[in-house]
Amino acid sequence: MFSTSKNPLTLLSLNRTFHNSLWGENPASVAPYVPSPYDVVRKMLELAEVGPDDVVYDLGCGDGRILFTAILEFKAKKAIGFDLNEGLCKNIKKKAEELQLQDKIQAVNSNFFLADLSPATVITLYLTTSGNEKLKPKLEKESRAGTRVISHDFPVKGWSPTNSTEGESFIYHAHSLYLYKIPEAYMTRQLTEDSASSRLQRIRSFFRR
Ligand SMILES: C[S@@+](CC[C@H](N)C(=O)[O-])C[C@H]1O[C@@H](n2cnc3c(N)ncnc32)[C@H](O)[C@@H]1O
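The numbering used here numbers the first residue of the sequence shown as 4 and each following residue consecutively.
Here it is as structure tokens:
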């Protein structure tokens, strides 16, 4: 079942007026800037089993903490983040240069809905339920088989997390973490929809006789 999280982003979502004022001017924005705590970042990357073969994409990368943790602690091959906030992206680039990690860490100052997601083997999200809902068709279309999608606090509605049935999550220090595997996360739903539609067709053709 969904957990009642004490996470600040969840609490903000409860107050629409307040949350709209923090959402930012950019109409493409689907979440305000609230960083994931570092222990949650580590748990996300651990659950997604990030390792040396992985290309990690953080959609809405904030200050880049997921990118740096993926490279420095989980030894990922590459970590690429997208964010609408120019200042945050500049800081990530500066920090990556200081650590001589510019070939491994990239911060792209643009709308992630315009990015090509196919190179990613792990996608991290800390957005909102409505943001995930908008992103879902793109994830289903572009992500390659085997990609792990890990979402902090907000489910991708209609997908089944790897740990159990739809809606269930790992609970870590009052944070919900939803781990999905492409395409298993939505194959069950598609198979169910396909069989329901073929059942409907059979019933319709029976009554047309
Ligand atoms: C809740 S923060 C998450 C930051 C980081 N991923 C973390 O977990 O610490 C969400 C971020 O998504 C960014 N964002 C929202 N919509 C976006 C979009 N369409 N394209 C790029 N970035 C977006 C916001 O600017 C914000 O920095």
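Ideal placement from N, C-alpha and C gives every residue a C-beta, glycine not left out.
When DSSP states are grouped into helix, strand and coil, Arg45 belongs to the helix group. From the listed residues Phe85, Lys80, Val43, the smallest Cα separation to Ala34 is found for Phe85. Under the three-state reduction of DSSP, Ala148 is assigned to coil, being neither helix nor strand. Looking at the DSSP output, Thr127 bridges to Asp61, Ile153. Secondary structure at Ala82: strand, using DSSP grouped into helix, strand and coil.
Burial of Asp61 is indicated by the presence of at least 16 other C-beta atoms within 10 angstroms of its C-beta. Taking 8 angstroms as the upper bound for CB-CB distance, Asp156 and Ser133 are not in contact here, some 13 angstroms apart. Distances taken from the Cβ of Val44 to the heavy atoms of ligand 1 include one shorter than 8 angstroms. Under DSSP, Gln109 takes part in a beta bridge, and its partners are Ile83.
Between the region 92-100 and the region 120-132 there are fewer than three inter-stretch CB-CB distances shorter than 8 angstroms, so the stretches are not counted as touching.
Three or more Cβ pairs drawn from the region 65-77 and the region 34-54 lie within less than 8 angstroms of each other, which places the two stretches in contact. Relative to ligand 1, the beta carbon of Ile69 is positioned inside 8 angstroms of a heavy atom.
Taking the Cα positions, Cys64 is about 18 angstroms away from Pro158. Distances from the CB of Pro140 to the heavy atoms of ligand 1 are all 8 angstroms or more. By a beta-carbon distance limit of 8 angstroms, Arg147 does not contact Val125. Their separation comes to about 11 angstroms. Distances taken from the Cβ of His155 to the heavy atoms of ligand 1 include one shorter than 8 angstroms. Assigned with DSSP and collapsed to three states, Leu102 falls in coil, not helix or strand.
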